[in-house]
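Numbering-wise, the sequence shown is residues 76 to 365 according to this note's numbering. Scroll down for the structure; my scribbles are underneath it.
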Amino acid sequence: MTVTDNLISKPGCLYVVATPIGNLDDITARALSILKSVSLIAAEDTRHSAQLLRHFGITTPAAPCHEHNEREQGGRFLARLQAGEDVALISDAGTPLISDPGYHLVRQAREAGIKIVPVPGACALIAALSAAGLPSDRFVFEGFLPAKMAGRKARLEQVREEPRTLIFYEAPHRILECLQDMQAVFGDDRPALLARELTKTFETLQGMPLCELVQWVAADPNQQRGECVVLVAGWQAPEGEDAISADALRVLDLLLAEMPLKRAAALAAEITGVRKNLLYQAALERQKGV
Ligand code: SAM
Numbered sequence: 076m077t078v079t080d081n082l083i084s085k086p087g088c089l090y091v092v093a094t095p096i097g098n099l100d101d102i103t104a105r106a107l108s109i110l111k112s113v114s115l116i117a118a119e120d121t122r123h124s125a126q127l128l129r130h131f132g133i134t135t136p137a138a139p140c141h142e143h144n145e146r147e148q149g150g151r152f153l154a155r156l157q158a159g160e161d162v163a164l165i166s167d168a169g170t171p172l173i174s175d176p177g178y179h180l181v182r183q184a185r186e187a188g189i190k191i192v193p194v195p196g197a198c199a200l201i202a203a204l205s206a207a208g209l210p211s212d213r214f215v216f217e218g219f220l221p222a223k224m225a226g227r228k229a230r231l232e233q234v235r236e237e238p239r240t241l242i243f244y245e246a247p248h249r250i251l252e253c254l255q256d257m258q259a260v261f262g263d264d265r266p267a268l269l270a271r272e273l274t275k276t277f278e279t280l281q282g283m284p285l286c287e288l289v290q291w292v293a294a295d296p297n298q299q300r301g302e303c304v305v306l307v308a309g310w311q312a313p314e315g316e317d318a319i320s321a322d323a324l325r326v327l328d329l330l331l332a333e334m335p336l337k338r339a340a341a342l343a344a345e346i347t348g349v350r351k352n353l354l355y356q357a358a359l360e361r362q363k364g365v
């Protein structure tokens, strides 16, 4: 085996490269140098990415890697990687795999023992969170909600009592109905923020309680255009009976129908993990009909 054979048999590297979400100046120097040096760019939409690549004078060939062909085309990219070529994965905007294609390719490459290198950069949810002034130590990214109201409300119900900051992506033509559903499920006063057109000319970040945000967006059609991220403050347990989740109260009610109050509160505490005293007080109030 010659030295050249040795070099060729060494697999290439898959770079997962973030691109700008609006402002082209947000591309990193490292992203540019990798996009120039790899053998192939796996792009969500080659025509869309051609504009970005042209802008930066990058002539590397690109091949499509979108959600409809990703699984099947994965083998093609893997073959190039296994033959020793470096490949860069990009999406239309921001970080690949974040509500964008790439998961299957990265997974297949990892399973094949290919080295995968993240090249971080713009990401709309992180940009929005960094400027929102909502708790950022812990957060939950929910991606896109279901498009239809019933599915959307059901999903929102599931995260109603989530204490961490919630982050959603939403399409502009659904932003108003989405915020209205959030108001219905999370309540009028839950703090929220709409981050629209980040890094672009009409960038807007508006934070206010959900009921005011709904009115503000409804009153201005311009706020129903462009790309948006919605952030909602996490649930905060109120004092007293309200602090007991709806599920725990249901358990308490079922037990109260079957046994004395003290026993029902103790058993409900064991089942739900809620403090016995809290459930006892709630049971007293329920019996008094408060
Ligand atoms: N991979 C991207 C990222 O890293 O953020 C997200 C891609 S996802 C298909 C597109 C969604 O991201 C948009 O519908 C919007 O919710 C959000 N988004 C992307 N760019 C944005 C921007 N400049 N301002 C606000 N939201 C943006």
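Every residue gets a Cβ at the ideal spot worked out from N, C-alpha and C, and that includes glycine.
Task: Cβ shell of asparagine 352 (< 7 Å), same chain only, five flanking positions each side left out - done: Result list for asparagine 352: empty, nothing under 7 Å.
Task: Close beta carbons around isoleucine 250, own chain, < 8 Å, minus the five adjacent residues each side - done: Same-chain partners within the cutoff: Leu269, Val292, Gln298, Gln299, Cys303 and Val305.
Open item on the list: Is serine 211 near ligand 1 - that is, is its Cβ less than 7 Å away from at least one heavy atom of it?
Closed with: For serine 211, the shortest C-beta to heavy atom distance toward ligand 1 is 7 Å or greater.
- [ ] Classify lysine 275 as helix, strand or coil using the three-state DSSP reduction.
- [x] When secondary structure is reduced to three states using DSSP, lysine 275 falls in the coil class, being assigned neither helix nor strand.
TODO: May I ask you to check if the CB of aspartate 263 is nearer than 7 Å to at least one heavy atom of ligand 1?
DONE: no
TODO: With hydrogens ignored, establish whether the beta-carbon of valine 304 is closer than 7 Å to any heavy atom of ligand 1.
DONE: yes
Task: Residue nearest to glutamine 255 in terms of C-alpha spacing, selected from Pro238, Glu278, Thr121 and Ala225 - done: Measuring from the Cα of glutamine 255, the nearest candidate turns out to be Ala225.
Task: Other residues of its chain near arginine 105: CB distance less than 7 Å, five sequence neighbours each side excluded - done: Val194
TODO: Kindly confirm or deny that the region 333-346 and the region 232-244 touch, where touching means at least three C-beta pairs closer than 8 Å.
DONE: Too few Cβ pairs lie closer than 8 Å, so no.
Open item on the list: Just to check my reading of the structure: phenylalanine 152 and cysteine 140 have Cβ atoms closer than 8 Å, yes? What is that Cβ distance to the nearest angstrom?
Closed with: 7 Å
- [ ] Select from Ala138, Gly97, Arg265 and Ile102 the residue whose C-alpha is nearest the C-alpha of glutamate 278.
- [x] Checking every option, the nearest Cα to that of glutamate 278 belongs to Gly97.
Open item on the list: Just verifying my parser: in three-state terms, what is the DSSP assignment at glycine 282?
Closed with: In this structure, glycine 282 counts as strand in the three-state DSSP scheme.
Open item on the list: To test your reading of the DSSP string, which unbroken alpha helix (DSSP H) runs of 4 or more residues are found completely within the region 91-169?
Closed with: 104-112, 121-130 and 145-157
TODO: Taking leucine 453 as part of the alpha helix (DSSP H), name the residues at either end of that continuous run.
DONE: This structure cannot settle anything about residue 453, because the visible part of the chain is limited to 76 through 365.
Task: Residue environment, glycine 188, which counts as buried when at least 16 other CB atoms sit within 10 Å - done: Its Cβ having fewer than 16 others within 10 Å, glycine 188 is exposed.
TODO: Could you pull out every unbroken alpha helix (DSSP H) segment of at least 4 residues lying fully inside the region 172-231, listed in chain order?
DONE: 178-186 and 199-207
Open item on the list: If you measure between the beta carbons of cysteine 253 and arginine 271, is that distance less than 8 Å?
Closed with: Going by beta carbons, cysteine 253 and arginine 271 fall outside the 8 Å limit.
- [ ] Could I get the ranges of all uninterrupted alpha helix (DSSP H) runs contained in the region 300-338, with 4 residues as the minimum, in chain order?
- [x] Those alpha helix (DSSP H) runs which fall completely within the region 300-338 and span 4+ residues are 321-331.
Task: Reduced DSSP category for proline 247 - H, G, I as helix; E, B as strand; rest coil - done: helix
TODO: Could you tell me which residues DSSP puts in a beta bridge with proline 266?
DONE: For proline 266, which the question treats as bridged, DSSP gives the partners Pro284.
Open item on the list: Can you list, in chain order, the residues of its chain with a C-beta nearer than 7 Å to that of phenylalanine 214? Leave out the 5 residues immediately preceding and following it.
Closed with: Leu204, Arg239, Thr240 and Ile242
TODO: Run the proximity test for arginine 325: is its beta-carbon closer than 7 Å to any non-hydrogen atom belonging to ligand 1?
DONE: no
Task: 8 Å Cβ shell around threonine 274 - same chain, five flanking residues per side excluded - done: Pro95, Ile96, Gly97, Asn98, Asp101, Ala197 and Ala202
Task: Test item: CB-CB of tyrosine 90 and serine 174 under 8 Å - done: Cβ atoms of tyrosine 90 and serine 174: not closer than 8 Å.
Open item on the list: Measuring alpha carbon to alpha carbon, tell me which residue in Gly282, Ala340 and Ala229 is nearest valine 260.
Closed with: It is Ala229 whose Cα lies nearest to the Cα of valine 260.
Open item on the list: Are there any heavy atoms of ligand 1 lying less than 7 Å away from the beta-carbon of lysine 275, as far as the coordinates show?
Closed with: yes
TODO: With hydrogens ignored, establish whether the beta-carbon of threonine 347 is closer than 7 Å to any heavy atom of ligand 1.
DONE: no
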